[in-house]
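J.: First the structure, then my questions, so here it is.
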Amino acid sequence: MGAGLGAWLLSACPSSGFLCQSDDQCIDGDREGVCTSDGRCAFSDEDCASGLAYGELAGPDLAGSCVPVDDASSTATDDGPVPSSDGASADETSAPACSPGSTCQPDDPCATAGLCNDAGSCVVTETIACDDPPSPCHGPGQCEPGGTGCSYPPRPPDAPCEDGDPCTTGTRCDETGTCSGGEVCKTDDPCQVAQCTPEGCVIEALDDGHSCGDPASMRCCSGQCVDISSDEEHCGGCSSPCAAGQPCQSVAATPLCALHPADTSGRCVCSNSTQCPLGQQCGSGFPYSDVCAPQDPDQCDGLVVDLGLCPSYCGY
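Heads up, the sequence shown is in the working numbering, so the first residue is 76 and it goes up one at a time.
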């Protein structure tokens with residue numbers, strides 16, 4: 076309180092103390108008080124049941140003592156309600172939600188503690204954070220009333236979830252709220268292989284010529300499963316194309332050969348050697364002509380199968 080104002084108040088007040096008419100007359104330094112219903116200035120004191128204690132100008136019999144609960148409300152001037160420090164009217168503070176300066180429980184389910192301000196409102200001082208579900212099969216957290224904890228509603232069964240394993244796919248929530256199931260590094264492509272690494276699943280293509288199903292002529296070529304007994308781009312082996320318009324004939328189409336081969340590979344049909352892949356020769360003699368036959372391993376992607384007098388062919 077300024078020296079001038081204090082001196083004026085002391086000279087103007089009888090020994091019974093200063094009588095106030097409004098809250099704005101109750102200022103002590105940087106403290107803002109209230110004018111009680113009995114016309115005395117009082118200030119926040121958490122040791123008092125009313126939350127208020129009389130100021131030093133209330134008179135020697137009252138100064139420093141607790142304001143009775145019934146007298147703790149502030150007065151009003153003839154002009155109407157006196158604004159409080161936070162903008163609330165005297166009518167709003169006449170029955171505060173809490174005693175100024177006392178601890179309280181805010182009306183916020185995430186609040187664990189609060190403190191009553193001078194306007195009688197409970198202000199949040201501590202909160203809990205419900206942002207850490209116990210598993211991927213629980214939804215965002217919700218605060219329980221009174222700041223007593225968090226609840227995490229379970230996600231519905233069969234809901235997709237992420238179990239944290241970089242090598243599992245297709246995991247889902249079960250009835251117990253556990254993220255489980257799924258497959259570890261799987262690929263449905265017969266010409267691919269899946270491997271688990273610290274970074275996750277790595278999908279790689281199998282080598283050319285790798286078997287990829289039945290019959291035995293099904294082979295992997297550039298990551299695709301093809302039938303080398305009929306595929307005109309991969310006849311007898313990967314990247315062994317027949318000439319335009321020329322078919323790929325299965326080696327099973329040469330039944331007169333003594334070493335009749337199984338249906339495992341193919342030969343390009345030709346009318347001359349320029350129509351044969353990889354330098355193979357177009358046969359012209361008994362028992363089968365007009366089919367391409369390799370003469371050495373360099374003319375095959377895999378290996379040469381020699382049938383004696385019959386046309387040889389490429390295979391794996």
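For glycine and all other residues, C-beta sits at the position ideal for the given N, C-alpha and C.
1. In the DSSP assignment, the beta strand (DSSP E) including V380 goes from what residue to what residue?
2. May I ask you to list the residues that DSSP assigns as paired with Y388?
3. In whole angstroms, give me the CA-to-CA distance for P316 and P229.
4. Looking only at its chain, what residues have a beta carbon closer than 8 Å to the beta carbon of G214, apart from the 5 residues adjacent to it on each side?
5. Could you check if I303 is buried or exposed, using at least 16 other CB atoms within 10 Å of its CB as the buried criterion?
6. Which class does P229 belong to by DSSP, given the choice of helix, strand or coil?
7. State the Cα-Cα distance for the pair G114 and G176, rounded to the nearest angstrom.
8. Rounded C-beta distance between D233 and T246? I'm assuming under 8 Å.
9. For G354 versus D373, is the C-beta spacing smaller than 9 Å?
10. Could you check what DSSP says for S119 in three-state terms: helix, strand or coil?
11. Only counting runs of 4 or more residues, tell me where the alpha helix (DSSP H) segments fall wholly within the region 264-318, in order along the chain.
12. Using the C-alpha atoms, what's the distance from A186 back to V268?
13. Which residue or residues does DSSP assign as beta-bridge partners of Q325?
14. In the DSSP output, what is H213 paired with across the bridge?
15. Whose C-beta lies closer than 6 Å to the C-beta of A163 among residues of the same chain, with five residues either side of it excluded?
16. On the three-state DSSP scale, how would you describe S255?
17. As a quick exercise: from P352, Y363, V277, pick the residue whose alpha carbon is nearest that of D371.
18. Excluding the five sequence neighbours on either side, which residues of its own chain have a C-beta within less than 6 Å of the C-beta of P181, listed in chain order?
19. With a cut-off of 8 Å, do at least 3 Cβ pairs link the region 245-263 to the region 289-304?
20. If the criterion is Cβ atoms closer than 9 Å, does the pair Y388 and G341 meet it?
21. Checking the sheet assignment: what are the DSSP bridge partners for C367?
22. Can you tell me whether A117 is buried or exposed, with buried defined as 16 or more other CB within 10 angstroms of its CB?
23. For D396, I'd like the list of residues in its chain whose CB is within less than 8 Å of its CB, leaving aside the five on either flank, ordered along the chain.
24. Mind checking who V198 pairs with in its DSSP beta bridge?
25. With 16 as the cutoff for other CB atoms within 10 Å, does V326 come out buried or exposed?
26. Could you round the C-beta distance between C295 and C310 to whole angstroms and report it? I think they count as a contact, below 8 Å.
27. Along the chain, where does the beta strand (DSSP E) containing A128 start, and where does it finish?
T.: Concretely, from the data shown:
1. Along the sequence shown, one-based indexing puts residue 380 at 305. 378-382 is the extent of the beta strand (DSSP E) around V380.
2. Walking along the sequence shown from the start, residue 388 turns up at place 313. BP columns for Y388 point to V380.
3. As a first step, residue 316 is located in the sequence shown; it is residue number 241 there, counting from the start. As a first step, residue 229 is located in the sequence shown; it is residue number 154 there, counting from the start. So the two alpha carbons sit approximately 58 Å from each other.
4. In the sequence shown, residue 214 corresponds to position 139, counting from 1. These residues qualify, in order along the chain: P208, Y227, P228, P229, R230.
5. As a working mapping, residue 303 is identified with position 228 in the sequence shown. Burial call: buried.
6. If you number the sequence shown from 1, residue 229 lands on position 154. Three-state result, P229: strand.
7. As a first step, residue 114 is located in the sequence shown; it is residue number 39 there, counting from the start. As a first step, residue 176 is located in the sequence shown; it is residue number 101 there, counting from the start. About 22 Å.
8. Indexing the sequence shown from 1 puts residue 233 at position 158. Indexing the sequence shown from 1 puts residue 246 at position 171. Wrong, their Cβ atoms sit about 11 Å apart, outside the cutoff.
9. By 1-based counting over the sequence shown, the position of residue 354 is 279. By 1-based counting over the sequence shown, the position of residue 373 is 298. Yes, the Cβ-Cβ distance between G354 and D373 is below 9 Å.
10. Here residue 119 refers to the residue found at position 44 when the sequence shown is read from its first residue. Looking at S119 - three-state DSSP - the assignment turns out to be strand.
11. none
12. For this step, residue 268 is matched to residue 193 along the sequence shown. For this step, residue 186 is matched to residue 111 along the sequence shown. Spanning the two alpha carbons is a distance of roughly 53 Å.
13. As a working mapping, residue 325 is identified with position 250 in the sequence shown. Correcting the residue type first, residue 325 is Ser in the shown sequence and not Gln. Paired residue(s): G341.
14. Sequence index remark: in the sequence shown, residue 213 carries index 138 (1-based). Bridge partners of H213: P229.
15. By one-based count along the sequence shown, residue 163 stands at place 88. Its pLDDT being 38, under 50, A163 is placed unreliably by the model, and the measurement read from it follows with that caveat. For A163, where only same-chain residues beyond five positions count, the Cβ hits under 6 Å are A194.
16. On the sequence shown, residue 255 is found 180 positions in, with the first residue counted as 1. Strand.
17. Residue mapping note: residue 371 aligns to position 296 of the sequence shown, counting from 1. Nearest C-alpha to D371: P352.
18. Counting from 1 along the sequence shown, the entry for residue 181 is found at position 106. Cβ neighbours of P181 beyond the five flanking positions: G189, C197, V199.
19. no
20. Numbered from its first residue, the sequence shown carries residue 388 at position 313. Numbered from its first residue, the sequence shown carries residue 341 at position 266. Cβ atoms of Y388 and G341: closer than 9 Å.
21. Taking the first residue of the sequence shown as 1, we reach residue 367 at position 292. Its beta-bridge partners are C357.
22. Within the sequence shown, numbered from 1, the residue matching residue 117 stands at position 42. Flag for A117 reads buried.
23. What the structure shows of the chain is the stretch from 76 to 391, and residue 396 is not part of that stretch, so it cannot be assessed.
24. As a working mapping, residue 198 is identified with position 123 in the sequence shown. Its beta-bridge partners are L190.
25. Residue numbering aside, residue 326 sits at position 251 when the sequence shown is read from its first letter. Per the 10 Å Cβ criterion, buried.
26. Residue numbering aside, residue 295 sits at position 220 when the sequence shown is read from its first letter. Residue numbering aside, residue 310 sits at position 235 when the sequence shown is read from its first letter. Between C310 and C295 the Cβ distance is about 15 Å, and since that is not below 8 Å, they are no contact.
27. Counting from one through the sequence shown, the residue named residue 128 turns up at place 53. Looking at the DSSP string, the run of the beta strand (DSSP E) that includes A128 is 127-129.
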